[in-house]
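Residue numbers (UniProt numbering), protein chains in the order written: chain F, 1 to 322; chain D, 1 to 322.
Built from N, CA and C at the ideal position, the CB exists for glycine as well.
Here the structure is a predicted model, which is why all the values come from computation and not from measurement.
All remarks here apply to the structure that follows.
Number of protein chains: 2
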Amino acid sequence: MKILGVDSGATKTKSIIADSEYNLMGLGTGGSGNYHYIGVERARESVKETIDRAIAEAQVEPEDIPYGGFGVGALDTEKDYEVISGFLSDIGYPKERYIVNDVVISHYAVNGGRPGVTVVAGTGSIAYGTDQSGENCRVGGWGWVIGDEGSGSYAAVRGLHEASKAWDGRGRPTMLTELASEHFDLDVPREIISKVQKSDLPEDVASFAVRMTEAAAQGDEVAMRIIDEGCEELATLATTVVERLGMESPVSVGSVGGFATDDLVFKKFEEKVKNKIPGAEILEPISNPVIGSVALVMEKIGEEVSVEDLRDLDSEIKNRLE
Amino acid sequence: MKILGVDSGATKTKSIIADSEYNLMGLGTGGSGNYHYIGVERARESVKETIDRAIAEAQVEPEDIPYGGFGVGALDTEKDYEVISGFLSDIGYPKERYIVNDVVISHYAVNGGRPGVTVVAGTGSIAYGTDQSGENCRVGGWGWVIGDEGSGSYAAVRGLHEASKAWDGRGRPTMLTELASEHFDLDVPREIISKVQKSDLPEDVASFAVRMTEAAAQGDEVAMRIIDEGCEELATLATTVVERLGMESPVSVGSVGGFATDDLVFKKFEEKVKNKIPGAEILEPISNPVIGSVALVMEKIGEEVSVEDLRDLDSEIKNRLE
Chain F
1 MKILGVDSGA
11 TKTKSIIADS
21 EYNLMGLGTG
31 GSGNYHYIGV
41 ERARESVKET
51 IDRAIAEAQV
61 EPEDIPYGGF
71 GVGALDTEKD
81 YEVISGFLSD
91 IGYPKERYIV
101 NDVVISHYAV
111 NGGRPGVTVV
121 AGTGSIAYGT
131 DQSGENCRVG
141 GWGWVIGDEG
151 SGSYAAVRGL
161 HEASKAWDGR
171 GRPTMLTELA
181 SEHFDLDVPR
191 EIISKVQKSD
201 LPEDVASFAV
211 RMTEAAAQGD
221 EVAMRIIDEG
231 CEELATLATT
241 VVERLGMESP
251 VSVGSVGGFA
261 TDDLVFKKFE
271 EKVKNKIPGA
281 EILEPISNPV
291 IGSVALVMEK
301 IGEEVSVEDL
311 RDLDSEIKNR
321 LE
Chain D
1 MKILGVDSGA
11 TKTKSIIADS
21 EYNLMGLGTG
31 GSGNYHYIGV
41 ERARESVKET
51 IDRAIAEAQV
61 EPEDIPYGGF
71 GVGALDTEKD
81 YEVISGFLSD
91 IGYPKERYIV
101 NDVVISHYAV
111 NGGRPGVTVV
121 AGTGSIAYGT
131 DQSGENCRVG
141 GWGWVIGDEG
151 SGSYAAVRGL
161 HEASKAWDGR
171 GRPTMLTELA
181 SEHFDLDVPR
191 EIISKVQKSD
201 LPEDVASFAV
211 RMTEAAAQGD
221 EVAMRIIDEG
231 CEELATLATT
241 VVERLGMESP
251 VSVGSVGGFA
261 TDDLVFKKFE
271 EKVKNKIPGA
281 EILEPISNPV
291 IGSVALVMEK
301 IGEEVSVEDL
311 RDLDSEIKNR
321 LE
């Protein structure tokens, strides 16, 4: 049996075809599938394109794939559900579709949908959890302007604040000034103003997050403080889910996303979660939430969800994309 | 003799006609004159429109106004100067023009261009100073994404971070949640995400700054802390100018802008500047930097610049615009 898994976020869409042993058969990547940003038609085309790429690579026919799991970032309200399920139904395949918000497939990616907490830290940040009784809750995810604490965009923006202060002579000297000059290709520091304000925020600015972890790993104290405070924010997202659901120890806590998988970030995050949630079981971070769409389908059709197999699938995709 | 004064920023342009006794004869307001954002043609039209309105109200002919002072936000590089002086020359009047960056006219507005420090805190923030020898320096003004600490947009963004945390149950309870719901007309808190991300930042978001000072004045501790830290940032802008120019006591420190003129903000700012710069003379904040364009012209043509008359002109404009 073949399963389609789709992860469609604000900036990228990823589709995979897997068999019921969680082997990767096809992979397709493409642009945003968020109809709020690009309209229904373009969102549908984005998603269809990545599905068709995955299907082509898997060398199967659309009708050979009975099930599809979809994690869609734009899905928040009932109206969103109508619009999204509408354009997915226009695509026409697979025949049976399970459609959820992308934070839910992140949770399935981390632990197969079992009770526990999942913290997503990529360009943005959000946490989600489910308890034994099936109750769930979502914390964070307010977007990069007024939220997303602890995410890549948060680290990048805070780092650039510190760089501009250092350029002015009103902040601590930091290697972030040099890294920012390099990263944004600046002849003079003030060129950064128009670059960050005209850029396709948050991705362009958030790309500086890798420099932040680089600087922190090299011992830059300004960067270290920002990474430390960011991880504190991520841990607080997790504890808030635990408190709101009244979860009992031991709680399983996993993480997902480009920022969460950085070694330094994960280590700090792990340390802080252990301090805040006694007895917490910390899972290794996952790179590709799309695997959760496959797990979602498996659960819905009554098949066993193997967390181990999911992690192998994650590694396989990660290797393919590197 | 009549003088034209123009203040053309990122979001608004203001033109006035004054006589040499600093009496207000005409006032015209309009949209952005920043050619980086809207192109040369529209920038020229914006500026021309406000000039023509001021001239019409003053019931004079363009040729009756020999001098114009222009403070232009978009003026940073030599190329900017060429473009801006080019389109101002296309307008054709007044015949003699003095064109500077808008932070310079803010400085003239505060103290007639004498040695001292001027802190601008409106939607953005920046400080500028000149010393006895005519040396000058500029600190801050890096834009709302990575800078503008202590400005209205900074207070607004930080306040909305705290509101979203409080909504999640991961921050201190604060009246900012209620004020944000009201201000952004939210049915449910999460509606704010698309509102702030689709808005014409920074003005739309920065408009929340008035709620921040409102909440702080009513004793909301979350808002008070943000206002306090913002004023600390504004005071640091001033001290950095003093240090970089090696200015000697007593230093005169003034402020300009919609956020700086708030009572609470001014009081906090004054207190912090006095702590950081012993013997500093703090001037009352100015609302309309455009008066500085008139002062600039007066200085350039060798006329006396009266700080007292300038302040009366500021009040007159303020009353007109209320």
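Please indicate yes or no: does the CB of residue 64 of chain F lie closer than 7 angstroms to some heavy atom of the ligand FMN? The ligand FMN is not among the ligands present in this structure, which contains no ligands whatsoever.
For the alpha helix (DSSP H) that residue 283 of chain D lies in, which residues bound it at each end? Mapped onto the second sequence, residue 283 of chain D falls at position 283. Note, residue 283 of chain D: premise wrong, no alpha helix (DSSP H); not H, not E.
Members of the segment 222–236 of chain F near chain D, C-beta cut-off 8 angstroms: Correct list: 236.
To be precise: take each residue of the segment 178–193 of chain F, compare its Cβ to all Cβ atoms of chain D, and keep it if any distance is under 8 angstroms. Which residues remain? 190, 192 and 193
I'd like to know if residue 314 of chain D contacts chain F, where contact means its C-beta is closer than 8 angstroms to some C-beta of that chain. Here residue 314 of chain D is taken as the residue at index 314 of the second sequence, counted from 1. Chain F contact via Cβ: absent.
Residue nearest to residue 224 of chain F in terms of C-alpha spacing, selected from F:260, F:175 and F:288: For the purposes of this step, residue 224 of chain F is identified with residue 224 of the first sequence, where counting begins at 1. Here the closest residue by C-alpha is F:175.
Local conformation of residue 154 of chain F per DSSP, three classes: Locating residue 154 of chain F in the first sequence gives position 154, counting from the first residue. Residue 154 of chain F falls in the helix class under three-state DSSP.
Interfacial residues, the segment 82–112 of chain D to chain F, with Cβ spacing under 9 angstroms: Listed by position along the chain: nothing, the set is empty.
Residue 272 of chain F beta carbon less than 8 angstroms from that of residue 280 of chain F: Translated into positions along the first sequence, residue 280 of chain F becomes position 280. Translated into positions along the first sequence, residue 272 of chain F becomes position 272. Their beta carbons are not under 8 angstroms apart, which means residue 280 of chain F does not touch residue 272 of chain F by this criterion.
Coarse secondary structure for residue 136 of chain D, derived from DSSP in three states: Within the second sequence, residue 136 of chain D is the residue found at index 136, counting from 1. Reduced to three states, the DSSP call for residue 136 of chain D is strand.
Any alpha helix (DSSP H) of 4 or more consecutive residues that is wholly inside the segment 3–80 of chain D: 35–38 and 40–58
Looking at the strands, I want to know which residues DSSP matches up with residue 129 of chain D. Taking the second sequence and counting its residues from 1, the one referred to as residue 129 of chain D is at position 129. DSSP output for residue 129 of chain D lists D:117 and D:137 as bridge partner(s).
Using a Cβ cut-off of 7 angstroms, pull out every chain D residue sitting near residue 164 of chain F, in sequence order please. If you number the first sequence from 1, residue 164 of chain F lands on position 164. Going along chain D in sequence order, the residues near residue 164 of chain F (Cβ under 7 angstroms) are 142, 146 and 147.
Just checking, does the segment 154–167 of chain D make contact with the segment 136–146 of chain F on the three C-beta pairs under 8 angstroms criterion? Result yes; three or more Cβ-Cβ pairs closer than 8 angstroms.
By the criterion of Cβ-Cβ separation under 7 angstroms, what are the contact partners of residue 6 of chain F in chain D? Numbered from 1 along the first sequence, position 6 holds the residue referred to as residue 6 of chain F. Near residue 6 of chain F there are no residues of chain D at all, since even the closest Cβ is about 22 angstroms away, more than 7 angstroms.
Close beta carbons around residue 166 of chain D, own chain, < 8 angstroms, minus the five adjacent residues each side: For this step, residue 166 of chain D is matched to residue 166 along the second sequence. Excluding residues within five positions, the ones whose Cβ falls inside 8 angstroms are 172, 173, 174, 176, 177 and 222.
When the distance is taken between beta carbons, is residue 170 of chain F closer than 8 angstroms to residue 236 of chain D? The residue you call residue 236 of chain D lines up with position 236 of the second sequence. The residue you call residue 170 of chain F lines up with position 170 of the first sequence. In this structure, residue 170 of chain F lies closer than 8 angstroms to residue 236 of chain D by Cβ.
Less than 8 angstroms between the CB atoms is what I'm expecting for residue 21 of chain D and residue 309 of chain D, so what's the real figure, rounded? In the second sequence, residue 21 of chain D corresponds to position 21, counting from 1. In the second sequence, residue 309 of chain D corresponds to position 309, counting from 1. Rounded, the Cβ-Cβ distance is 7 angstroms, consistent with contact.
Ordered along the chain, which non-local residues of its own chain (more than five positions away) have a Cβ less than 7 angstroms from that of residue 142 of chain D? Position 142 of the second sequence, counted from the start, is the residue given in the question as residue 142 of chain D. Cβ neighbours of residue 142 of chain D beyond the five flanking positions: 148.
Does the distance from the C-beta atom of residue 3 of chain D to that of residue 28 of chain D stay below 8 angstroms? Numbered from 1 along the second sequence, position 3 holds the residue referred to as residue 3 of chain D. Numbered from 1 along the second sequence, position 28 holds the residue referred to as residue 28 of chain D. Contact: no.
Rounded to the nearest angstrom, what separates residue 95 of chain D and residue 81 of chain D at their Cα positions? Translated into the one-based positions of the second sequence, residue 95 of chain D becomes position 95. Translated into the one-based positions of the second sequence, residue 81 of chain D becomes position 81. For residue 95 of chain D and residue 81 of chain D, the distance between alpha carbons rounds to 17 angstroms.
If you count every other CB in all the chains shown that lies within 10 Å of the CB of residue 250 of chain F, and 16 or more means buried, which is it? Along the first sequence, one-based indexing puts residue 250 of chain F at 250. Exposed.
Alpha-carbon to alpha-carbon, residue 110 of chain F and residue 233 of chain F: As a first step, residue 233 of chain F is located in the first sequence; it is residue number 233 there, counting from the start. As a first step, residue 110 of chain F is located in the first sequence; it is residue number 110 there, counting from the start. When rounded, the distance between both Cα atoms is 20 angstroms.
Which residues of chain F have a Cβ atom closer than 7 angstroms to the Cβ of residue 27 of chain D, listed in chain order? In the second sequence, residue 27 of chain D corresponds to position 27, counting from 1. Those within 7 angstroms of residue 27 of chain D in chain F number zero; the least Cβ separation is about 30 angstroms.
Whole-Å CB distance - residue 99 of chain D paired with residue 88 of chain D, under 8 angstroms assumed: As a working mapping, residue 99 of chain D is identified with position 99 in the second sequence. As a working mapping, residue 88 of chain D is identified with position 88 in the second sequence. Confirmed, about 7 angstroms.
Quick check on this structure: which residue in F:152, F:209, F:120 and F:154 has the alpha carbon closest to the alpha carbon of residue 138 of chain F? Within the first sequence, the letter at position 138 stands for residue 138 of chain F. Looking at the Cα atoms, F:120 is the closest of the given residues.
Residues near residue 6 of chain F by beta carbon distance below 6 angstroms, same chain, minus five either side: In the first sequence, the residue the question calls residue 6 of chain F occupies position 6. Around residue 6 of chain F: 15, 70 and 293.
Between residue 242 of chain F and chain D, is any beta-carbon pair separated by less than 8 angstroms? Taking the first sequence and counting its residues from 1, one reaches residue 242 of chain F at position 242. No - not a single Cβ of chain D is within 8 angstroms of the one on residue 242 of chain F.
Closer than 6 angstroms by C-beta to residue 107 of chain D: which residues in its own chain qualify, once you throw out the five before and the five after it? Chain order, please. To locate residue 107 of chain D, count along the second sequence from 1; it is residue 107. Taken in chain order, the residues that qualify are 118 and 128.
Less than 8 angstroms separating the beta-carbons of residue 8 of chain F and residue 36 of chain D? Looking up residue 8 of chain F in the first sequence gives position 8. Looking up residue 36 of chain D in the second sequence gives position 36. It is not a contact, given that the beta carbons lie outside the stated cut-off.
Residue 122 of chain D and residue 259 of chain D look like a contact to me (Cβ under 8 angstroms); what is the Cβ gap, rounded to whole Å? Counting from one through the second sequence, the residue named residue 122 of chain D turns up at place 122. Counting from one through the second sequence, the residue named residue 259 of chain D turns up at place 259. Confirmed, Cβ separation roughly 6 angstroms.
Between the beta-carbon of residue 242 of chain D and the beta-carbon of residue 283 of chain D, is there less than 8 angstroms? Looking up residue 242 of chain D in the second sequence gives position 242. Looking up residue 283 of chain D in the second sequence gives position 283. No, they are not a contact pair.
Below 8 angstroms on the Cβ atoms is my guess for residue 227 of chain D versus residue 268 of chain D; work out the distance and round it to an integer in Å. Taking the second sequence and counting its residues from 1, the one referred to as residue 227 of chain D is at position 227. Taking the second sequence and counting its residues from 1, the one referred to as residue 268 of chain D is at position 268. Right, the Cβ-Cβ distance comes to about 6 angstroms (below 8 angstroms), so this counts as a contact.
Check whether chain F comes within 8 angstroms of residue 170 of chain D, counting only Cβ atoms and requiring the distance to be less than that. The residue you call residue 170 of chain D lines up with position 170 of the second sequence. By the rule that beta-carbons nearer than 8 angstroms mark a contact, residue 170 of chain D touches chain F.
Element boundaries [alpha helix (DSSP H), containing residue 230 of chain F]: The residue you call residue 230 of chain F lines up with position 230 of the first sequence. Here the alpha helix (DSSP H) through residue 230 of chain F covers 221–245.
May I have the straight-line CA-CA distance separating residue 53 of chain F from residue 18 of chain F, to the nearest angstrom? Sequence index remark: in the first sequence, residue 53 of chain F carries index 53 (1-based). Sequence index remark: in the first sequence, residue 18 of chain F carries index 18 (1-based). Taking the straight line joining both Cα atoms gives about 13 angstroms.
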